[in-house]
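Asks: Let me give you the structure first, and then I'll get to my questions.
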Amino acid sequence: MNPLVNATFKFKSPMKTVDVILKDNKTGNVVGFVQSFNVESAKPDQQYWVLGAFTGVVYPFTGDPSHPISDESVEVPEGDYMLEMIGHDSEGQSYTAGSFMLVDNTKPDVKFDKKPGVYEINDSMYTEEYGKKAFWNHGNVTDSSIKVLKSKGLNIDQSANTMYSSLTYNGLPYYGVIDWPPVAANGDVEYGIESTDIANGPFYVYFAASDIALNVNYKKYIYLKEGTEYLTSSYDKQEVKLGDTVTMTLSLNNVKNLVSGKYDVKYDSGLYTFKNVKLNNAIKKYAKQNGLDAVLNDPVFKGTGVNSLVTVGATLSGSEFKGLNEDMPFLDVTFKVTGDEWYYGESEFKVTTSTYTKAGQSNAVTLPFYSTANFGFISKHSKITGSILPEAFAKTITSGLSLTSRDYTKIGAKIYAVSPSGKKYNGTIDSRGTFTILGVPASAQNYTVVVDIPGHLKTYKQVMTGVMLQGSYFGQSIGLGQMNLGIAGDVNGDDVVDIKDVQSAVDVYGTTDSAILAQDINQDGVVNEADVRFIEKNFMEKSPEAKKEPQATVGKKGLDYYLNLIGLEPKH
């Protein structure tokens, strides 16, 4: 889905304001509110632009007359909609106009005669087409939404899809070649690899096939001269989810006199746990038939997170063994999926270093790794990130408020998401005040993100955790940015700032303690005037989730009474 759709409009008569809403074309129901803007200066019969008229989200109508539109936006699922503008004039009359809006989150279908992979090319594989002798590959790009758009009267065909291409000799994906190969009206594409393309080494051809909504389907090819030495990979599964195992097979191609090999495999330890490495059945059979000993190296680990590496390898030995000279699956490396906060459709393991030793030699030689293999990754859990903003730790900057410098892992913060049924998913916070909540189920339901800081009212944010794709909800990365200001003064944690908070702070006024005291709101080590002034400033405030009203007095004793007890004069 293109995250930004612009629009144009023209009035027949003067208007004061415009409301934009989204309707479901199939049911006619209003999905939600999009935006409003003032148009008093707009002249009739003149065209105007609205930048970001629709960004893929709406604000649902609540049904509450006192608060009719939700403060929280939700993403719009795939579907057929009407973007409707309602103009209001100075006499209170309303006028409506709409435009068809298709929300499309599905990538185009891309098929080639030759599937993505590594291809060794010899002279017999070149054929002549369009006056050019090349290794040809024919395909088709089809976007299902084109049919829907045509049914709405648009003059459009499959040539509206675009192929972005990366044509390199180093394998770095830079999709700077636009509209190559061009897409025909029926979606057909073709391209050819010439002998000069692979004369000096591998030629990488990566495609990003995009529809007009900017959904992208990637296809990757690597072309080599026949006989080139290389290591490649394949996987035993086309698709994985949380709890699955996946095995990568490392295969040797065109090696000469190999007696041992060693490989660094890179993986993300936040998603995968290394299980084991085994000799592939093919190499075990080869060793048995030739009377050889095949011995695995013990795996060696280094690095963390996305830079985790496991070094694997094996050695073949035997009397008068001159080394392996065949294409051969060599090692099976197995991982378990232990995290599923991965939202890019496909995943893979990369070999960052690959070497082998030849018979009779002590120095290893480099064996290039060429592979386009990957596997689909199904995420059913979302990751929520954001940053806290408790008032007692905030400072004013040019653009608004920012956190002061301190270690926010030590302020006693609790961050969590709560499901509609009440199940809690705890998060973590780093030293800079950035939080992460993992493992939140992907759903159409709204979960509530809660930031609970000692001495502050809790802050809340509603999020829809799942993104719909072809009828199912999948995980996504949800960036909330900076949360709303956490109002200081709630020292007893009852979601209101009232007389009981003042009473509590006065009871321990002057106390110094290295432990976190809720009454020490700014956590400077002492309960003093600064803390009490926060309570005074925000007296009678409450959180949106408060189950009671703030209490102004205890008996006849109010705020001023307790301030006077500790020698302070009221400021507010």
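Each residue of the sequence shown is one higher than the last, beginning at 3 in my numbering. We put the CB at the ideal spot given by N, CA and C, even for glycine.
(1) Can you list, in chain order, the residues of its chain whose CB lies under 7 Å from that of K152, leaving out five sequence neighbours each side?
(2) Would you give the residue range spanned by the beta strand (DSSP E) that S310 belongs to?
(3) Do the CB positions of M84 and G94 come within less than 8 Å of each other?
(4) Quick check: the Cα distance between Y166 and A394, rounded to an integer number of angstroms?
(5) What does the Cβ neighbour count give for M250, buried or exposed, with the cut at 16 atoms within 10 Å?
(6) Taking Cβ positions, are G527 and H383 nearer each other than 8 Å?
(7) Can you check whether the CB of G457 is closer than 8 Å to the CB of I523?
(8) According to DSSP, is Y418 part of a helix, a strand, or is it coil?
(9) Pull up the distance between the alpha-carbon of N4 and that of K45, whole angstroms please.
(10) Which whole-angstrom value is the C-beta distance of S242 and I23, which I expect to be below 8 Å?
(11) Using DSSP bridges, identify the partner residues of G388.
(12) Take Y171 as the anchor and find which of K460, T198, Q525 and S545 has the nearest alpha-carbon.
(13) Just to confirm before moving on: does the CB-CB distance between F377 and V510 stay below 8 Å?
(14) Buried or exposed: K426, going by 16 or more other Cβ atoms within 10 Å of its Cβ?
(15) Any idea if A517 is buried or exposed, counting beta-carbon neighbours within 10 angstroms, 16 or more meaning buried?
(16) Roughly how many angstroms lie between the CA atoms of F541 and I501, to the nearest whole one?
(17) For the beta strand (DSSP E) containing F476, list its first residue and its last residue.
(18) How long is the line joining the alpha carbons of D342 and G272, rounded to whole angstroms?
(19) Measure the C-alpha to C-alpha separation of T234 and S212 and round it to an integer number of angstroms.
(20) Let me check one thing: in DSSP terms, what residues is Y346 bridge-paired to?
(21) What first and last residue would you give for the alpha helix (DSSP H) that runs through F536?
(22) Whose C-beta lies closer than 6 Å to the C-beta of A9 among residues of the same chain, with five residues either side of it excluded?
(23) Under the three-state reduction of DSSP, which class applies to N566: helix, strand or coil?
(24) Use the C-beta contact count for K286: other C-beta atoms within 10 angstroms, 16 or more gives buried, fewer gives exposed.
(25) So, are the CB atoms of A490 and P370 less than 8 Å apart?
(26) Between the alpha carbons of Q291 and P331, how many angstroms are there, rounded?
(27) How is D181 classed by DSSP in three states: helix, strand or coil?
(28) Considering only the alpha carbon of each residue, which of L216, V20, I214 and T230 lies closest to P204?
(29) Does the segment 441 to 455 come into contact with the segment 414 to 422, if we say contact requires no fewer than three beta-carbon pairs (one atom in each stretch) closer than 8 Å?
(30) Starting from D373, trace the beta strand (DSSP E) both ways and give me its first and last residue.
(31) Out of N486, I439, D492 and L459, which one is the CA nearest neighbour of T467?
(32) Quick test of your reading: L326 and V257, contact by CB under 8 Å. State the CB separation rounded to the nearest angstrom.
(33) In angstroms, rounded to a whole number, what distance separates the CA positions of F536 and T461?
(34) Are the CB atoms of K324 and L260 within a distance shorter than 8 Å?
(35) Please list, in chain order, all residues of the same chain as M127 whose beta carbon is under 7 Å from its beta carbon, the five residues on each side excluded.
(36) What beta strand (DSSP E) runs, 3 residues minimum, are completely inside the segment 33 to 97?
Replies: In brief:
(1) I158
(2) S310 to S319
(3) no
(4) 50 Å
(5) buried
(6) no
(7) yes
(8) strand
(9) Confidence in N4 is poor, its pLDDT being 49 and thus under 50, which makes the residue's placement unreliable; the coordinate value appears in the next sentence. Looking at the two C-alpha atoms, the distance is approximately 30 Å.
(10) The identity of residue 242 in the sequence shown is Val, whereas the question assumes Ser. With 8 Å as the limit, V242 and I23 do not qualify as a contact, their Cβ atoms being about 41 Å apart.
(11) F437
(12) T198
(13) no
(14) exposed
(15) exposed
(16) Near 8 Å, if we compare the C-alpha coordinates of I501 and F541.
(17) Residues S474 to F476.
(18) When only Cα atoms are considered, D342 and G272 end up about 9 Å apart.
(19) 28 Å
(20) Assignment of beta-bridge partners to Y346 by DSSP yields no partner.
(21) E531 to K539
(22) Excluding its 5 nearest sequence neighbours in each direction, A9 has C-beta neighbours in its own chain below 6 Å: V52 and A55, listed in chain order.
(23) helix
(24) exposed
(25) no
(26) 16 Å
(27) coil
(28) The option with the nearest alpha carbon to P204 is T230.
(29) Yes, since at least three Cβ pairs between the segment 441 to 455 and the segment 414 to 422 fall closer than 8 Å, the two stretches touch.
(30) In the sequence as presented, Asp is not what sits at residue 373; that position holds Ser. Premise fails: S373 is in no beta strand (DSSP E) and is neither H nor E.
(31) I439
(32) 6 Å
(33) Roughly 17 Å between the two C-alpha positions.
(34) no
(35) F137
(36) 50 to 56 and 81 to 90
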